[in-house]
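Working notes, beginning with the structure itself.
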Amino acid sequence: MGDRGPLDGVRVVELGNFIAAPTAGRLLADFGADVIKVERPGTGDELRRWRLHGGDTSLLFRTLGRNKRSITLDLRQPAGQEIARRLITRGDVLLENFRPGTLERWGLGPDQLHELNPDLVVVRVSGYGQTGPYRDRPGFGGVAEAIGGLRALTGYPDLPPTRVGVSLADSVAGLYAVIGALLGLARRERAAGPSGEVVDVALYEAVYSLMESLIPDFDAFEVVRGPAGSALPGVAPSNTYRCADDKYIVISGNGNAIYQRLMRAIGRSDLAADPALADNTGRVAHADLLDQAIGAWTATMTQEAAEADLLAVGVPSGPILTAEDIVKDPHFQARGMIDRRRVRIDGDHTTEVAFPGIVPTLTRRPGRTRSLGPELGEHTEAVLAELDIDINTHAKLREQGVI
């Protein structure tokens, strides 16, 4: 098969459902890891039916399950736990996002697993982490965004907080899970003896880590930030502006030199020359004035014309692209971010669909999409054979509902 990427030869066992752990598994699989996704017999990961617009498997699952192998295994049964134990013993990384204590009840806790596989990197993703007074609370990404501080900043003043249209907390936690897995693997490479590691990723902490100086500003100056609409508090000018064609453009003119170019481009050399606006502190104090000036200019321009004028003078700006815009965009296409693949939609019907490309891109060993999210249990027989479980036993396990 050849070198599949920088993680070729690394085996990952994914016991996760929904978004967070599967996101981590997808990223590791994109770069060559052999990710074996363990799913419940019969139903599989609930993600298979999230945002289901047709057929029996969502394109969300096809995306997050890409490059993985799927086996079915009932972890509630002792026979299923034993197979999982054998599988994990031969693995390098275990990904899981069950509620804390679940693996321990199944006899699959880190202590038990490290007795079998001393070098195993166990990556645990949960709502509130494996310790602390909230550890046993159920936690999903939307709640984590609230607890972690993000929802207090989103939306507009005097209106209910809003959320972004993606599973942000879960995706960020997935990124931290990958970082933790790679750190554990790196430590193993340098260790002289057993180097098993446990990585504890909490959804709320993944969000909390994005809050920049929210807490220091409060603790030092008693500043309590709230929602600011489309503006970026403490940075000016940086906002979203309506154009003459009722489209919007995002303009970031908050660097000192960039600000000067922006003001001249919109015909406000007076504001460019004002010494009170020469640095960010002064501009923040007059953010409303600057937004009004920029908004008055964009109101006379089409979005395309405004972007062209700003790009001509090196001011960061861009339109708000929809899915329809993205699939047509030449830059997305040139960078390999629109990856067209044939996928089964319903029954035997297949069609070509645009999927997101691999991020990040590497020069020597780029990640690649080898396969889309697998059918439920597609690789069960092959993986059990790799564990030296004979074909007759497969049939018995299936009769018992273990697989």
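So for the sequence shown, the numbering used here puts the first residue at 26; every next one is plus one.
Heads up, the beta-carbon is just placed ideally off N, CA and C, and yes, glycines get one too.
The model shown is predicted, which means the values in this text are computed figures rather than measured ones.
field: CA-to-CA distance, residue 383 to residue 116, given in whole angstroms
entry: Along the sequence shown, read from residue 1 onward, the residue named residue 116 stands at position 91. Along the sequence shown, read from residue 1 onward, the residue named residue 383 stands at position 358. Roughly 24 Å between the two C-alpha positions.
message: Can you confirm whether the region 61 to 68 touches the region 395 to 408 when touching is taken to mean that 3 or more C-beta pairs between the two stretches lie within less than 8 Å?
response: yes
query: How do the region 168 to 180 and the region 238 to 258 stand: do at least 3 beta-carbon pairs fall below 8 Å, yes or no?
result: Three or more pairs of CB atoms, one per stretch, sit closer than 8 Å, so the region 168 to 180 contacts the region 238 to 258.
task: Would you check if the distance between the CB atom of residue 72 and the CB atom of residue 43 is smaller than 7 Å?
output: Along the sequence shown, read from residue 1 onward, the residue named residue 72 stands at position 47. Along the sequence shown, read from residue 1 onward, the residue named residue 43 stands at position 18. Yes, they are a contact pair.
message: Can you list, in chain order, the residues of its chain with a C-beta nearer than 6 Å to that of residue 293? Leave out the 5 residues immediately preceding and following it.
response: Translated into the one-based positions of the sequence shown, residue 293 becomes position 268. If we look at residue 293 and ignore the five residues flanking it on each side, its Cβ neighbours are 318.
query: What separation, rounded to the nearest whole angstrom, lies between the Cα atoms of residue 378 and residue 367?
result: Numbered from its first residue, the sequence shown carries residue 378 at position 353. Numbered from its first residue, the sequence shown carries residue 367 at position 342. Their Cα atoms are separated by approximately 6 Å.
- prompt: Beta-carbon separation of residue 309 and residue 256 under 7 Å?
  reply: Here residue 309 refers to the residue found at position 284 of the sequence shown. Here residue 256 refers to the residue found at position 231 of the sequence shown. No, the Cβ-Cβ distance between residue 309 and residue 256 is not below 7 Å.
- request: Return the residue from the list 371, 273, 269, 341 that minimises the CA-CA distance to residue 281.
  value: Position 256 of the sequence shown holds residue 281. When C-alpha distances from residue 281 are compared across 371, 273, 269, 341, the shortest belongs to 341.
- prompt: Are three or more beta carbon pairs between the region 385 to 400 and the region 27 to 38 nearer than 8 Å?
  reply: yes
field: Residues near residue 396 in its chain [Cβ-Cβ closer than 7 Å; skip 5 each side]
entry: Start at 1 with the first residue of the sequence shown, and residue 396 comes out as number 371. Result list for residue 396: 91, 92, in chain order.
task: Enumerate, from N- to C-terminal direction, the unbroken alpha helix (DSSP H) stretches of 4 or more residues contained entirely within the region 234 to 315.
output: Secondary structure within the region 234 to 315: the alpha helix (DSSP H) runs of 4 or more consecutive residues, fully enclosed, are 239 to 246, 281 to 290, 294 to 298, 305 to 310 (chain order).
message: Would you call the region 349 to 367 in contact with the region 294 to 301, where contact means no fewer than 3 C-beta pairs closer than 8 Å?
response: no
- request: Give the DSSP-derived three-state secondary structure of residue 96 in the structure shown.
  value: Taking the first residue of the sequence shown as position 1, residue 96 is located at position 71. Strand, per DSSP.
field: Bridge partners - residue 151, DSSP secondary structure assignment
entry: Here residue 151 refers to the residue found at position 126 when the sequence shown is read from its first residue. Bridge partners of residue 151: 227.
task: Sort 372, 272, 335 by Cα distance to residue 324 and report the nearest one.
output: Here residue 324 refers to the residue found at position 299 when the sequence shown is read from its first residue. It is 272.
message: Can you give me the C-alpha to C-alpha distance between residue 320 and residue 267, rounded to a whole angstrom?
response: Position 295 of the sequence shown, counting from 1, holds the residue named residue 320. Position 242 of the sequence shown, counting from 1, holds the residue named residue 267. Answer to the nearest angstrom: the Cα atoms are 7 Å apart.
- prompt: What residues in its chain sit with their C-beta under 8 Å from that of residue 339, if we drop five residues either side in the sequence?
  reply: Within the sequence shown, numbered from 1, the residue matching residue 339 stands at position 314. Hits under 8 Å: 283, 286.
query: At which residues does the alpha helix (DSSP H) containing residue 130 begin and terminate?
result: By 1-based counting over the sequence shown, the position of residue 130 is 105. Annotation: the continuous alpha helix (DSSP H) that includes residue 130 extends over 127 to 130.
Segments assigned alpha helix (DSSP H), at least 4 residues, entirely inside the region 316 to 354: 328 to 337, 348 to 353
- request: Determine the closest residue to residue 290 out of 301, 303, 276, with distance taken between C-alpha atoms.
  value: In the sequence shown, counting from the first residue as 1, residue 290 sits at position 265. Selected option, being the one with the closest Cα: 276.
query: Which residues does DSSP pair with residue 363 in a beta bridge?
result: On the sequence shown, residue 363 is found 338 positions in, with the first residue counted as 1. The partner list for residue 363 (beta bridge, DSSP) reads 381.
- prompt: Straight-line CA distance for residue 149 to residue 130?
  reply: Translated into positions along the sequence shown, residue 149 becomes position 124. Translated into positions along the sequence shown, residue 130 becomes position 105. Distance between the alpha carbons of residue 149 and residue 130 is about 15 Å.
task: Report the three-state DSSP secondary structure of residue 36 (helix, strand or coil).
output: Within the sequence shown, the letter at position 11 stands for residue 36. Three-state result, residue 36: strand.
task: Assuming residue 230 contacts residue 173 (C-beta within less than 8 Å), just tell me the rounded distance between them.
output: For the purposes of this step, residue 230 is taken as the residue at position 205 of the sequence shown. For the purposes of this step, residue 173 is taken as the residue at position 148 of the sequence shown. Their Cβ separation, rounded to whole angstroms, is 7 Å, which keeps residue 230 and residue 173 in contact under 8 Å.
query: Going by Cα to Cα distance, which pick from 49, 56, 34, 41 is closest to residue 386?
result: Your numbering for residue 386 matches position 361 in the sequence shown. Of the listed residues, the one whose Cα sits closest to residue 386 is 56.
message: Among the candidates 414, 87, 74, whose CA atom is the shortest distance from the CA of residue 48?
response: Within the sequence shown, the letter at position 23 stands for residue 48. Considering only alpha carbons, the answer is 87.
field: Residues sharing a beta bridge with residue 59, DSSP
entry: Here residue 59 corresponds to residue number 34 of the sequence shown, with the count starting at 1. Answer is 36.
- request: Report back the beta-carbon spacing between residue 101 and residue 125 to the nearest angstrom; my notes put them in contact at under 8 Å.
  value: Numbered from 1 along the sequence shown, position 76 holds the residue referred to as residue 101. Numbered from 1 along the sequence shown, position 100 holds the residue referred to as residue 125. Not confirmed; about 17 Å, so no contact.
field: Residue range of the beta strand (DSSP E) that includes residue 120
entry: Taking the first residue of the sequence shown as position 1, residue 120 is located at position 95. Segment 118 to 121, the beta strand (DSSP E) holding residue 120.
message: If I measure Cβ to Cβ from residue 105 and keep anything under 6 Å in the same chain, skipping five residues before and after, which residues do I get?
response: The sequence position of residue 105 within the sequence shown is 80, counting from 1. These residues qualify, in order along the chain: 98, 99, 427.
- prompt: Going by C-alpha distance, which of 421, 416, 409 is nearest residue 109?
  reply: Taking the first residue of the sequence shown as position 1, residue 109 is located at position 84. Ranking the options by Cα distance to residue 109, first place goes to 409.
- request: Please work out which residues of its chain come closer than 7 Å, Cβ to Cβ, to residue 316, disregarding the five sequence neighbours upstream and downstream, and give them in chain order.
  value: Against the sequence shown, residue 316 aligns to sequence position 291. Around residue 316: 262, 264.
- prompt: Can you find a C-beta in chain B that's less than 7 Å from the C-beta of residue 118?
  reply: Chain labels in this structure do not include chain B; a single protein chain is all it has.
message: Are the CB atoms of residue 211 and residue 118 within a distance shorter than 7 Å?
response: For the purposes of this step, residue 118 is taken as the residue at position 93 of the sequence shown. For the purposes of this step, residue 211 is taken as the residue at position 186 of the sequence shown. Result no, Cβ atoms of residue 118 and residue 211 do not sit closer than 7 Å.
- prompt: Should residue 146 and residue 222 be called a contact, given that it needs their Cβ atoms to be closer than 7 Å?
  reply: The residue you call residue 146 lines up with position 121 of the sequence shown. The residue you call residue 222 lines up with position 197 of the sequence shown. In this structure, residue 222 lies closer than 7 Å to residue 146 by Cβ.
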